[in-house]
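Reading through the C-alpha cells given below for one structure.
2 protein chains.
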Amino acid sequence: MKQETRKEEIIRVAAKLFKEKGYSAVTMRDLATAMGIKAASLYNHINSKQDILNTIIISIAEEFTQGMKLVQDSKLSCIDKLKQIVALHVKIASENIYGMASLNNDWMHLETQLNYYLSLRGNYEKDFLSIIQQGIESSELKNVNPEIVMFSMLTTLRSLYIWIPKKEELNANDLANNLNNVLIHGINI
Amino acid sequence: MKQETRKEEIIRVAAKLFKEKGYSAVTMRDLATAMGIKAASLYNHINSKQDILNTIIISIAEEFTQGMKLVQDSKLSCIDKLKQIVALHVKIASENIYGMASLNNDWMHLETQLNYYLSLRGNYEKDFLSIIQQGIESSELKNVNPEIVMFSMLTTLRSLYIWIPKKEELNANDLANNLNNVLIHGINI
DNA sequence: GTCTATATTTTGATAGAC
DNA sequence: GTCTATCAAAATATAGAC
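Going line by line, the protein sequences match chains A and B.
Counting from 515, one number per residue, gives the positions in the first sequence under the numbering used here.
Counting from 515, one number per residue, gives the positions in the second sequence under the numbering used here.
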C-alpha cells in the first residue's frame, strides 16, 4: 500500500469538493480550508486549479479507454462484452466516486486537455456502439435502435457515482449482476 | 402564441448558457453579451442571477410533479404507467432542452428554493419507486431490484436533454417508443 | 430599456519569511 | 511545507443619466 503524497491528497480532496459543487464553484480557498491549510500553500504542490481538474479527468478517461481495449480484444460474445463493460463501469465508479462526477459534469472546463478528452470519449462511444451493432447483426440482440441502447446503458453507467454511495449494502458484484439483468434482459415478464 | 417578454428571453438565453458551462461558470457579462446588451441592463428585468436559476429549475420540477400526479391518478397498468412516465420525460426534455441541464446539474446552487426542490424530487422518486414495486407485487414485472430499475430508468430519462439535440430526425413519439422497448423489454433475444 | 460609472467582494495566483 | 501579505483580474450588483 503506497503512501499517499500531499499532492495526491489535494487532488483527492478537490475531487470530493468538485462533486458537491462543481469545478467552477469550488475556490482554492475552499480547497485549502478542506485541507486545513491556507490557499497559498496549495501552490507548493500543484501548479493551478486547472491542473487538478486535468489530473482527475484524464486519469479516469484513460482507465476507461484501457478497459474498452481489453473487452474488444477478447473473444467474448456480444452480450458478454456488454456485461464486461457494465463491470468496468461499476469497478471504476466504485473506486473513484468523486472523480466520476468531474468526468461527467466538468469536462467542458478542461482547457489544454479538452480535445484529448473528447477524442478518448468519442472513441469509447464508437467502440461501444460497434459492439451493439455486431450483436444485432449476429442476431444476439433484438433489432433495436443501437444508438438508443448505447445512450441508455451509458447514461445509466455514467451516473453510477451518484447512486453507489446511497447503496453501500450492495457489493460491486451484486450491483453489476443486477444492472446486467435490468439493462440487458428488461424488466417485464 | 404569446409574445415572449424580455425577462423570459433573458431566462431562455441564460438556460442555454447554463447548459454549456454550468451556472457557476456563466457570468452576468456572458449573459449580457449573449443578449446583446450590457450587464447592468439585465437588472432592469431580473433581480439576481440566483433568481434566474430558481425560475428555470422550479418551473420544470413542478411540471414533473404535475405529470406524475396525472399518472398516479390514472387506472393504467403498471407497465402503461411506466410508459406514461417515459413519455412525460420525452415531452418535457424536448420542450426544454436547456432547462433540463440546469435541473440536473445546477440544483445544488439553489439557495432559498433548495429545500423545496429537494422535496419535489424526493416525492417524485418515491412515487416512481412505488409504481415499480406495485408492478413486481402484481407479477407484471420480473422480480428485479426496484431501486436499480428506477435508478436506471431515471438516469436515462434525466439525460435525454443531452441526446435529443443530436438526434433531430427522431420525433418524440418514435423516441418514446424506442425507449420503452429498450427500458422495459430489454435488448436480448 | 439601455447606458456609463462605480462600489464591494471574491477570485487565482505570486513573493518572500520562517 | 506553511505562513502573511499582496496583486491583478473578474465577479455581482447599484445609482443615476438618457
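Think of the CB as a built atom: it goes at the ideal place given N, C-alpha and C, for glycine as much as any other residue.
Contact note: E651 of chain A does not reach chain B at a C-beta cutoff of 7 Å; the least C-beta distance is about 13 Å. L689 of chain A and S653 of chain B have their C-alpha atoms spaced approximately 23 Å apart. Taken through DSSP and simplified to helix, strand or coil, L590 of chain B comes out as coil. Excluding residues up to 5 positions away in sequence, E639, F642, L643 and I646 lie with their Cβ nearer than 8 Å to the Cβ of M664 of chain B in the same chain. A Cβ-Cβ distance of about 7 Å is found for the pair Y631 of chain B and I572 of chain B, placing them in contact under the 8 Å criterion.
Your pair Q580 of chain B and E625 of chain B does not check out as a contact, with CB atoms roughly 24 Å apart and the cut at 8 Å. Between G613 of chain B and I570 of chain B, the C-beta gap is smaller than 7 Å, which places the two residues in contact.
For the stretch 570–600 of chain A, the residues whose beta carbon sits under 9 Å from a beta carbon of chain B are, in order, I593 and L596. By the Cβ criterion, the stretch 530–544 of chain B is in contact with the stretch 537–544 of chain A, since at least three pairs of Cβ atoms, one from each stretch, lie closer than 8 Å. The Cβ atoms of V604 of chain B and K595 of chain B do not sit closer than 7 Å to each other. If you look at S616 of chain B, you'll find it in the alpha helix (DSSP H) that goes I611 to N619. At a C-beta separation below 7 Å, A607 of chain A has no neighbours in chain B, since its nearest C-beta there lies roughly 12 Å away.
For R635 of chain B, the closest of B:L531, B:I574, B:S666 and B:I525 by C-alpha to C-alpha distance is B:I574. When the alpha-carbon of I676 of chain A is set against those of B:W677, B:T669, B:L674 and B:L590, the nearest one is in B:T669. One Cα belongs to Q598 of chain B, the other to N692 of chain A, and the distance between them is close to 24 Å. Distance from the CA atom of R672 of chain A to the CA atom of I678 of chain A, rounded to whole angstroms, is 11 Å.
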